[in-house]
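A quick write-up on the structure given underneath.
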């Protein structure tokens, strides 16, 4: 169960309205790695955690914090849209500032949301749960989380560079710092579980049931062998159970696939038509 | 540019048809962490890599391999659907086997794809590029890749457990082994870059521009403090630049947000209507 | 900002596992009118409310409650999936119970989420922000909310009828009661605003700027006039500003649309080709 | 079955082309509350109506009218795109008018649709049936319809304010008037059904089966009690069957959820790994 | 503008309810090539046709007919769902008929739509305008339409084979016949335009502006040359302007792509980190 | 199985960066008829082809070529984004060039992809497998392919006209020429199969099972008869099995649909409420 307090976790006040930046800021609210994504990702992982208090508690704590970040961004975006002008093409004809607003802002902010934030990204794509991950395996999911915080901080930093508004920068510097913490946190959580399970997810599948002869092989599927220079191509594997090896000229292990014809009720191309297609001489058969 | 060879990378022959398992297997072909996702994710990361041969080459190599995995799964699914019966409710009434097929198979396999594989997941959701990630920052993206291979291997293992078909298990044991390699590979690539950049992505943003006072703080946003037991709550941070600390009773740093009224052309609730809403005594004002 | 308490708002314990009902219950968690929809709808409406404390406070209160409902449903679904069997087609051949589970459960529950709840509906469609509404106009949005609670209660009641599990029924009877309150609540809020604004949204657009001659007309666009029997066809309009009237045989007020040709860079069908299409005698021109 | 007449229901002729406004106008053609949404929503409700002539007839009448509105908007958008210039960045460098067009128009109008209308919103998101509602319960659905017409008129009014083109304004004043009628109409239809059924949907579920003790309670889930001022917090409930009451400090009725471990074939985090996570002292256990 | 008549274009009465077939039939109502797709595709093509009466009239005629097909299918599906039983897992345990219904029907038919048709496909994916095509170029679009009717008739035929219900078969035999007409019709329309424009769309782009040396070349991008047997590999091209030729061993015409580094505000992997990645000996450089 | 060579199939070098055109070019990379669509469409058709070498080989050849086109476009887009400036509203105020870039470029290129190409269209909609087609019936699918290449070439030509960059035009002239070949190719393949099967897909459904009396009838569902002028309205049908005929005043063959009431557990509008709706006199009953 949740409670709400009316104060924001941190300030969300721009120096001045900027509807173009409001559109951009939507990315870290409602984009693939926006705050809605991390909030629901951590909460679902928490709710689905089976059997342990510590990880569940931690997931709920951070998921709950991300709800506060949604709130800060929604507030900031509404303020960046404050008094957004009602601009037309004729006015834009005279003024590059107006032209930039007409072109660079999200028209749905003035038509649909009434100058409020939307659960959507910088191109107006609505948020979708396709973005989030909760598998029940904590090590797998903590890696997903480490990625989310890495992508999220990267986007926040890119946005920080694209504005001069000190109020916006101030809020972003808070969110960037929290992402620093959260990258550290998920990294720490991964190390803790890897120390108990080794690094390959899931750790509980018997290794002898997989094709061990290809479990540490790098396939060079292209001309050139620059890819042989990496740590992944030689030496002991990271899980300590094998040796990396580099396969310079990979060959198929399987055969040419040949499918049986479909049953009649499927009404595929009739076999007779396919046979007639052999009327022309077949170069393979020469 | 690409070339195709007709042979499969590895065998893809089931012992017998099974339209219900064909539906399930769609998950690792066209689901969030299916082979289409990893193929296009690695290829886009490769195409977008700026300035270095080794990582780009490696990304193209593995992306190209994943195309071969799509091919194996598409072939296996078509074979699992081989001669799928044309079943009706009346027949199902007499036979649990028929009932299970009627209920458990994907109706689009017989109506839409003609007993072929589809670019969709186990519930028939079509594949979408919402699933994939390519940011231009290699460490961020390699973390995404480590996650993809972790989720992907987890799903392959769960599917391995849900069938007795030795042909299917044989193919899955190949794919599971490749995922073992790929987890090792991305882990190795991450370690290589972390050794050069430290662990926080992006490494190039000046640390003094973020709110350093909250860059290593865990906020306990719930009653109870089990979350204090983790590695993330005490001791030096993983990036070596701070000390984790645990904030047991977090408080807001911001203020109650108050938004200005919208301009008239937005036609929000009129201020007069809002004022009249104060006719009833306000308990806050007591 | 938000806090979490570990206890559930209400009990969420089924008598026994039932993976088929778990799939169905997803509808009111992650479907169009599921708890994710109402939670985010009310919170976004609250965050975007400009200028008044009472409605914003109320929206945040109820949005925060809906987060607790997501939590209850996620917990219930995980428990309904408890120990979900790993069933195969061969077993189903012998047993209608197994056949029903194989067919009626969501395969992603065992492949993707590890027997946890997913942010998706009863068919596995992922939740999308396409479902939610926040326009900045409170009367419009409260009507959206009244609809959401009506659809939501209807779905909960239908689900209540489709299970015999007393634990599930107990939880649903809680959620149904809350929906009773919430329908009453939004109805009350609508009445309050309608009393101040009249019923047509938005109330601030000057009535003389709309075509008043068709503002109270019902068009009977079909043969037969049963639609004339309704309250909407005769008598004073609900807003008190007009008289309903019934137009039995509506005719067009506009003209046949004729579009200019596209500029050459668009490469539409060339005008010459269109002209030649008049070679056959035109029956209209007779 | 349907017939088409070539004349438009009302005029759809702009004074002059304006590709930027064409993009905006897409919102009420193909957006969440655009004409495609209401047309298909009313038609599906009509087709699914079980057992009564009057409501079905009315739904078909209005759904058929909305098809005419799609046609008017499609025609208007094509005309606003008439002769849309083929503009480039170099030209934009010299001219804010060109810059505004380059930025503010929808590039798919010139690349994909050949300067025709698209079934998409102002940001180019394609229309989806996620937007529409048809439950079989008429009162629930009429509330959905009242909301749709409220949101739709609000958007039309906002667009009316964002153009000076008298032809566009003329068409919008027609659509706005029809939305006035349609809000009145659905309101009237709701009142009719509420008079027979009371206000809570569905009316046929036995009230004693819901938790009556919480069926009229407002939960104040936040600090501060401004939400107590509303009509929803005190006095008789709108359905006349209870008394609203305000719960200032809500507490959980449930318990902390604890989930059982998953079966082994799910390959979650192994219990041993979870146990070891207790190595650090647990602050809760102090 | 449109009118509706209450009678169906053709009968839509099943012999008996069958909720499993109702689910399957959704495919040709709300799937990729269902009746919603063709109705809106033809109507949008008609509304966007610039400058000619005959094709526009024809498009509107057939689009209007497809609306009648949506209506027939919606009616048929509602009847197949008539009195659909409220089945539970316990009952299914005893009865394969119940098990098949529990597994094979769409749960949203009983939870969401109240036993009515939905704008969705056989897997419950909601209809989306991603499915439809209207480019402004009539020859391109008539080819899209020929494809739609081919896929649509194929699906209707497959469904015809999967039921024994004479009422359903009767309706399908109507729809299949209409698809026969519509394939003939679009084929005829294509021939008419091809006679005026030649076969390559668009016909108005100057041929000398394309790389003519590769305009009739088949690239054999795989081992083996079975693909040389087709009409497309030898002889005069279909447009009569070239000779097909077969390139057995295609080679790249371009160079290895090398991208410049990103500007600093993008925060990609820092160049220094990339340089250090050359510490290991590069096999390409040997 | 696939191999990659590092060289591009053809050059992909613009004369100069242009972030606005980069956004537009996304359409033919990740839009409905972009290269991702054709690559995956042809590959899935190839993988699902049952029983014949020649068509499968040809499909794999061309699908593999399309992968090379994705690569060329991804490279070109990254170069068009090279050094894309980090522009702000304040700068735009002074300079229409900056205003155009701010408005006309895709903000996700600088926030999300790090100035790399994305699997998305010109409006930033992510690529989805909703776009592609693979039915197992080759004639149906080759028609889909002919359409794809027609739409694709049309879009490429429109883009060619919208830029002056000689490097971009050079690459487009390659892609346009390949589309010329591919239209010729699919046309040839269709002719080959039609010669064996006649033109109606599928050719294997017994014609006597369809309602032959309406298999060659054009229904004129609108006032006016311009549509009678086409080849489709008179003369022998294209399949040679019937005579086209024109039905000027079509009438319904079916009856008014009347649906039974839903069972009680569905909780639709109660029959009593519907009955009371007859209180007003019914004009139909006069």
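Chains as they are written, first to last, in UniProt numbering: chain Y, 1 to 286; chain E, 1 to 286; chain F, 1 to 286; chain H, 1 to 286; chain P, 1 to 286; chain U, 1 to 286.
By construction, the Cβ of each residue, glycine as well, lies at the ideal position given by its N, Cα and C atoms.
Span of the beta strand (DSSP E), counted from its first residue to its last, around residue i
i              : result
residue 160(U) : That residue, residue 160(U), is in no beta strand (DSSP E); its alpha helix (DSSP H) goes 138-161.
residue 265(Y) : That residue, residue 265(Y), is in no beta strand (DSSP E); it is neither H nor E in DSSP.
residue 246(U) : 245-247
Bridge partner(s) assigned by DSSP for residue i
i              : result
residue 222(E) : 4(F)
residue 126(F) : 120(F)
residue 75(Y)  : Note: residue 75(Y) sits in no beta bridge, so no partner.
residue 217(E) : 245(E)
Residue i to residue j span [Cα, whole Å]
i              : j              : result
residue 187(U) : residue 98(P)  : 49 Å
residue 183(Y) : residue 150(Y) : 7 Å
residue 51(E)  : residue 67(E)  : 25 Å
residue 1(U)   : residue 231(P) : 26 Å
residue 281(P) : residue 24(E)  : Model confidence at residue 281(P) stands at a pLDDT of 49, short of 50, so the residue's coordinates are unreliable; what they give is reported in the following sentence. Looking at the two C-alpha atoms, the distance is approximately 45 Å.
residue 207(P) : residue 203(U) : 36 Å
residue 109(Y) : residue 93(F)  : 56 Å
residue 127(H) : residue 28(H)  : 11 Å
residue 49(H)  : residue 124(P) : 21 Å
residue 286(F) : residue 181(U) : Confidence in residue 286(F) is poor, its pLDDT being 36 and thus under 50, which makes the residue's placement unreliable; the coordinate value appears in the next sentence. Taking the straight line joining both Cα atoms gives about 44 Å.
residue 200(U) : residue 239(U) : 7 Å
residue 261(H) : residue 73(U)  : 49 Å
residue 158(E) : residue 135(Y) : 11 Å
residue 18(E)  : residue 273(Y) : 28 Å
First and last residue of the uninterrupted alpha helix (DSSP H) at residue i
i              : result
residue 233(E) : Neither: residue 233(E) is in no alpha helix (DSSP H) and is coded neither H nor E.
residue 181(F) : 166-197
residue 25(Y)  : 19-30
residue 48(H)  : 35-48
residue 93(U)  : From DSSP, residue 93(U) is part of no alpha helix (DSSP H); its letter is neither H nor E.
Integer Cβ distance of residue i from residue j, believed to fall under 8 Å
i              : j              : result
residue 314(F) : residue 193(H) : Since the first residue shown for chain F is 1 and the last is 286, residue 314(F) is missing from the structure and cannot be characterised.
residue 69(F)  : residue 60(Y)  : Actually they do not touch by this definition, with Cβ atoms about 16 Å apart.
residue 100(E) : residue 103(F) : 6 Å
residue 250(U) : residue 219(U) : 4 Å
residue 119(Y) : residue 96(U)  : That pair is no contact at about 33 Å.
Members of the stretch 145-174 of chain F that neighbour chain H once the beta carbon cut-off is set at 7 Å: 146, 147, 150, 151, 153, 154, 157, 173, 174
So if I threshold CB-CB distances at 7 Å, which residues from the stretch 40-58 of chain U count as touching chain E? 40, 44, 47, 48
Identify each residue in the stretch 93-123 of chain H for which the Cβ-Cβ distance to at least one residue of chain P is less than 9 Å, and report them in chain order. 112, 113, 114, 115, 116, 117, 118, 119, 120
May I ask you to list, following chain order, the residues of the stretch 250-267 of chain F that have a beta carbon less than 7 Å from some beta carbon of chain U? 265, 266, 267
Give me the subset of the stretch 211-229 of chain H whose CB atoms are less than 7 Å from a CB atom of chain U, sorted by chain position. none
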